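Student: Below you will find the structure I want to go over with you.
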Amino acid sequence: DQQVKQNSPSLSVQEGRISILNCDYTNSMFDYFLWYKKYPAEGPTFLISISSIKDKNEDGRFTVFLNKSAKHLSLHIVPSQPGDSAVYFCAARTRSNDYKLSFGAGTTVTVRA
Amino acid sequence: NAGVTQTPKFQVLKTGQSMTLQCAQDMNHNSMYWYRQDPGMGLRLIYYSASEGTTDKGEVPNGYNVSRLNKREFSLRLESAAPSQTSVYFCASSEANGGETQYFGPGTRLLVL
Numbered sequence: 001d002q003q004v005k006q007n008s009p010s011l012s013v014q015e016g017r018i019s020i021l022n023c024d025y026t027n028s029m030f031d032y033f034l035w036y037k038k039y040p041a042e043g044p045t046f047l048i049s050i051s052s053i054k055d056k057n058e059d060g061r062f063t064v065f066l067n068k069s070a071k072h073l074s075l076h077i078v079p080s081q082p083g084d085s086a087v088y089f090c091a092a093r094t095r096s097n098d099y100k101l102s103f104g105a106g107t108t109v110t111v112r113a
Numbered sequence: 114n115a116g117v118t119q120t121p122k123f124q125v126l127k128t129g130q131s132m133t134l135q136c137a138q139d140m141n142h143n144s145m146y147w148y149r150q151d152p153g154m155g156l157r158l159i160y161y162s163a164s165e166g167t168t169d170k171g172e173v174p175n176g177y178n179v180s181r182l183n184k185r186e187f188s189l190r191l192e193s194a195a196p197s198q199t200s201v202y203f204c205a206s207s208e209a210n211g212g213e214t215q216y217f218g219p220g221t222r223l224l225v226l
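Chains A and B are the protein sequences, given in the same order. For the record, in the first sequence the residue sitting at position 69 is 69 according to my numbering, with numbers rising by one throughout. Numbers in my numbering are just positions in the second sequence, counted from 1, shifted up by 113.
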């Protein structure tokens with residue numbers, strides 16, 4: 001039973017516009033959330049994270065929002081650039097699961113020129 | 114500083130054959146992980162080693178064994194490969210179990226015929 005869900009397998013966005021990636025989770029014990037980015041034939045790389053005690057974290061063009069009551073988080077990329085074309089994974093962890101990461105299925109983002 | 118390295122990059126096996134996937138990290142991390150990535154499934158944890166000398170099962174351990182050879186190296190063994198083990202395998206490491214960031218290797222693509 002997947003506890004972290006990314007319901008949009010793909011997203012296409014024009015260069016310069018905003019990309020919004022969504023992630024829902026079912027386990028209310030998750031205390032830390034992460035986004036990873038993956039290019040083809042490479043391993044995932046850490047992008048940005050947020051603790052459950054916050055509702056927003058910003059790093060340059062990337063902002064993650066957390067809505068605990070809705071068990072929902074989103075990643076905003078503004079402005080989108082061609083190099084942002086990749087697969088984005090949402091992940092979450094909980095102390096009750098020995099801090100192991102649970103990953104969503106990923107969203108493939110394509111930035112059009 | 115190579116980060117996390119994995120060998121081989123690609124392997125084809127016949128059903129019933131065995132093989133060992135190698136992983137090494139040079140970041141002096143305590144914790145190491147093995148994941149598999151399948152289409153539509155995200156990354157699923159196979160086994161992990163919270164510290165040298167310990168190993169624990171993840172979400173999908175059946176058909177696999179692991180060895181934490183030393184602090185740097187964590188290998189994954191398939192004793193009798195099955196077509197269902199066709200996947201991309203990623204090794205990762207983190208400073209500590211529950212470390213906020215896991216660093217991933219480039220992956221091993223395995224095809225079992």
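Note that beta-carbon positions come from the ideal geometry of N, C-alpha and C, so glycine has one too. Source: prediction; values computed, not measured.
So, is the C-beta of residue 171 of chain B closer than 8 Å to a C-beta in chain A?
Tutor: For residue 171 of chain B, the answer is yes, since a Cβ of chain A falls inside 8 Å of its Cβ.
Student: Under the assumption that residue 22 of chain A contacts residue 8 of chain A (Cβ atoms under 8 Å), give the Cβ distance between them as a whole number of angstroms.
Tutor: 6 Å
Student: Take residue 121 of chain B as the anchor and find which of B:194, B:183, B:201 has the nearest alpha-carbon.
Tutor: B:201
Student: Within the 8 Å Cβ cut-off, does residue 40 of chain A reach chain B?
Tutor: no
Student: In angstroms with no decimal places, state the Cα-to-Cα distance between residue 49 of chain A and residue 89 of chain A.
Tutor: 12 Å
Student: In the DSSP assignment, find the beta strand (DSSP E) that holds residue 38 of chain A and state where it starts and stops.
Tutor: 32-38
Student: Does the Cβ of residue 159 of chain B have 16 or more other Cβ atoms within 10 Å, making it buried, or fewer, making it exposed?
Tutor: The C-beta of residue 159 of chain B has 16 or more other C-beta atoms within 10 Å across all chains shown, which makes the residue buried.
Student: So, using beta-carbon positions, are residue 29 of chain A and residue 102 of chain A closer together than 8 Å?
Tutor: no
Student: Within the same chain, show all residues whose beta-carbon is closer than 6 Å to that of residue 66 of chain A, passing over the 5 residues directly before and after it, in chain order.
Tutor: 50, 55, 73
Student: When we look at the beta-carbon of residue 112 of chain A and count the other beta-carbons within 10 Å, is it buried (16 or more) or exposed?
Tutor: Flag for residue 112 of chain A reads exposed.
Student: Closer than 9 Å, Cβ to any Cβ of chain A: which residues of the region 151-178 of chain B, in chain order?
Tutor: 152, 153, 154, 155, 156, 157, 158, 161, 163, 169, 171, 172
Student: By the criterion of Cβ-Cβ separation under 9 Å, what are the contact partners of residue 62 of chain A in chain B?
Tutor: Here the premise fails: no neighbours, minimum Cβ distance about 15 Å.
Student: Quick check on residue 101 of chain A - is its C-beta less than 8 Å from some C-beta in chain B?
Tutor: Contacts with chain B at 8 Å (Cβ-Cβ) include residue 101 of chain A.
Student: For the region 215-226 of chain B, enumerate the residues whose C-beta is nearer than 8 Å to any C-beta of chain A, in chain order.
Tutor: Against chain A - using a Cβ distance shorter than 8 Å - the residues of the region 215-226 of chain B are 215, 216, 217, 218, 219, 220.
Student: Would you please verify whether the beta carbon of residue 44 of chain A is less than 8 Å from any beta carbon of chain B?
Tutor: yes
Student: Tell me the DSSP bridge mates of residue 77 of chain A?
Tutor: Secondary-structure assignment with DSSP links residue 77 of chain A through a beta bridge to A:19, A:62.
Student: On the three-pair Cβ rule with 8 Å, is the region 143-151 of chain B touching the region 159-170 of chain B?
Tutor: yes
Student: For my contact list, residue 195 of chain B and residue 176 of chain B are in at a C-beta cut-off of 8 Å; report their separation, rounded to the angstrom.
Tutor: 6 Å
Student: Work out the CA separation of residue 183 of chain B and residue 12 of chain A for me, nearest whole Å.
Tutor: 44 Å
Student: Whole angstroms is fine: what's the gap from residue 78 of chain A's alpha carbon to residue 85 of chain A's?
Tutor: 13 Å
Student: For residue 197 of chain B and residue 225 of chain B, what's the separation of their Cα atoms in angstroms?
Tutor: 8 Å
Student: For the beta strand (DSSP E) that contains residue 48 of chain A, what are its first and last residues?
Tutor: 45-51
Student: Name, please, each residue of chain B whose Cβ falls closer than 7 Å to the Cβ of residue 105 of chain A.
Tutor: 153, 154, 155
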